[in-house]
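> The structure follows.
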Amino acid sequence: EKAMQTAFAENRIQKKYWAIVRGHTTDYQEIDYPLKKENGTLQEAFTAYKTLNRAELDVPLGAHPSSRYSLVEARPTTGRMHQLRKHFSHIFHPIIGDRTHGCNKQNRMFKEKWQMETMLLHAAEISFQHPTFDKKITIKAPLQKEFLNVMKIMNWQNELD
155 EKAMQTAFAE NRIQKKYWAI VRGHTTDYQE IDYPLKKENG TLQEAFTAYK
205 TLNRAELDVP LGAHPSSRYS LVEARPTTGR MHQLRKHFSH IFHPIIGDRT
255 HGCNKQNRMF KEKWQMETML LHAAEISFQH PTFDKKITIK APLQKEFLNV
305 MKIMNWQNEL D
């Protein structure tokens, strides 16, 4: 247990997330944006992401005649609370379904149009060196039904193999 806590503290754990965000993201970006703890002190926070796919739906929203989305793979180096949610909101590409840091108009539209209220952020994979056996361990999690349904709506097939 102590060895794993140390590995997390030293950023030796590799984490991979998938998210569906508002707007068309750049192909690759590094977000180096400190986040505030509850007591107000700033903590270093770093996330790199790459865009796996983009979609534009013929669904008007607000002043926009269509709605744009991106499927991203995010790899946070640090592990701050709500880091990915805050980072994507900071670059104006909030995660769909995020009620705290997201876009209320988008969330409402997803609920009304597709009965979807789930946040589209998925902890896909975690990898680390086993502290005793010195073997790389990788744990993968299957996608939830709602995430798969939205991928179908966006016409994204086999993007996450």
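Numbering of the sequence shown is given in this note's numbering, commencing with residue 155 and proceeding in unit increments. Just so you know, even glycine gets a beta-carbon here, dropped at the ideal spot from N, CA and C.
1. Using DSSP with H/G/I as helix, E/B as strand and the rest coil, what is F264?
2. Using DSSP bridges, identify the partner residues of N207.
3. Taking all protein chains shown into account, decide if T179 is buried (16 or more other Cβ within 10 angstroms of its Cβ) or exposed.
4. Near S243, which residues of its chain fall below 6 Å by C-beta distance, leaving aside the five closest residues on each side in sequence?
5. Taking the C-alpha atoms as reference points, what is the distance between F200 and I293?
6. Excluding the 5 residues flanking D252 on each side, which residues of the same chain have their C-beta closer than 6 Å to its C-beta?
7. Going by C-alpha to C-alpha distance, which of F246, L206, Q168, S220 sits closest to F185?
8. Can you tell me whether P296 is buried or exposed? The criterion is at least 16 other CB atoms within 10 Å of its CB, across all chains shown.
9. DSSP has P230 in a bridge; who is on the other side?
10. Taking the CB atoms as reference points, tell me whether P248 and V175 lie closer together than 8 Å.
11. For F242, report the span of its alpha helix (DSSP H) as first-last.
12. What's the C-alpha gap between M235 and E266?
13. Please state if the CB of L211 and the CB of S221 are separated by a distance shorter than 8 Å.
14. May I ask you to report which of helix, strand or coil DSSP gives E279?
15. Would you mind reading off the limits of the beta strand (DSSP E) that contains T292?
Taking the coordinates as given:
1. Within the sequence shown, numbered from 1, the residue matching residue 264 stands at position 110. In this structure, F264 counts as helix in the three-state DSSP scheme.
2. As a working mapping, residue 207 is identified with position 53 in the sequence shown. Bridge partners of N207: L225.
3. Residue numbering aside, residue 179 sits at position 25 when the sequence shown is read from its first letter. Flag for T179 reads buried.
4. Indexing the sequence shown from 1 puts residue 243 at position 89. The residues H255, in chain order, have a CB closer than 6 Å to that of S243 in the same chain once the five nearest residues on each side in sequence are set aside.
5. One-based indexing of the sequence shown puts residue 200 at position 46. One-based indexing of the sequence shown puts residue 293 at position 139. Looking at the two C-alpha atoms, the distance is approximately 22 Å.
6. Locating residue 252 in the sequence shown gives position 98, counting from the first residue. Correct list, in chain order: R239, M273.
7. By 1-based counting over the sequence shown, the position of residue 185 is 31. Looking at the sequence provided, one finds Ile at residue 185 rather than Phe. Looking at the Cα atoms, F246 is the closest of the given residues.
8. One-based indexing of the sequence shown puts residue 296 at position 142. With fewer than 16 other CB atoms across the displayed protein chains lying within 10 angstroms of its CB, P296 is exposed.
9. Position 76 of the sequence shown, counted from the start, is the residue given in the question as residue 230. Paired residues: T201.
10. Here residue 248 refers to the residue found at position 94 of the sequence shown. Here residue 175 refers to the residue found at position 21 of the sequence shown. Cβ atoms of P248 and V175: closer than 8 Å.
11. For this step, residue 242 is matched to residue 88 along the sequence shown. Per DSSP, F242 belongs to the alpha helix (DSSP H) from 237 to 244.
12. Here residue 235 is taken as the residue at index 81 of the sequence shown, counted from 1. Here residue 266 is taken as the residue at index 112 of the sequence shown, counted from 1. When rounded, the distance between both Cα atoms is 29 Å.
13. Your numbering for residue 221 matches position 67 in the sequence shown. Your numbering for residue 211 matches position 57 in the sequence shown. Yes, the pair counts as a contact, with Cβ atoms nearer than the cut-off.
14. Reading the sequence shown from its first residue, position 125 is the one you call residue 279. Three-state result, E279: strand.
15. Here the question's residue 292 lines up with position 138 in the sequence shown. T292 -> beta strand (DSSP E) spans 290 to 294.
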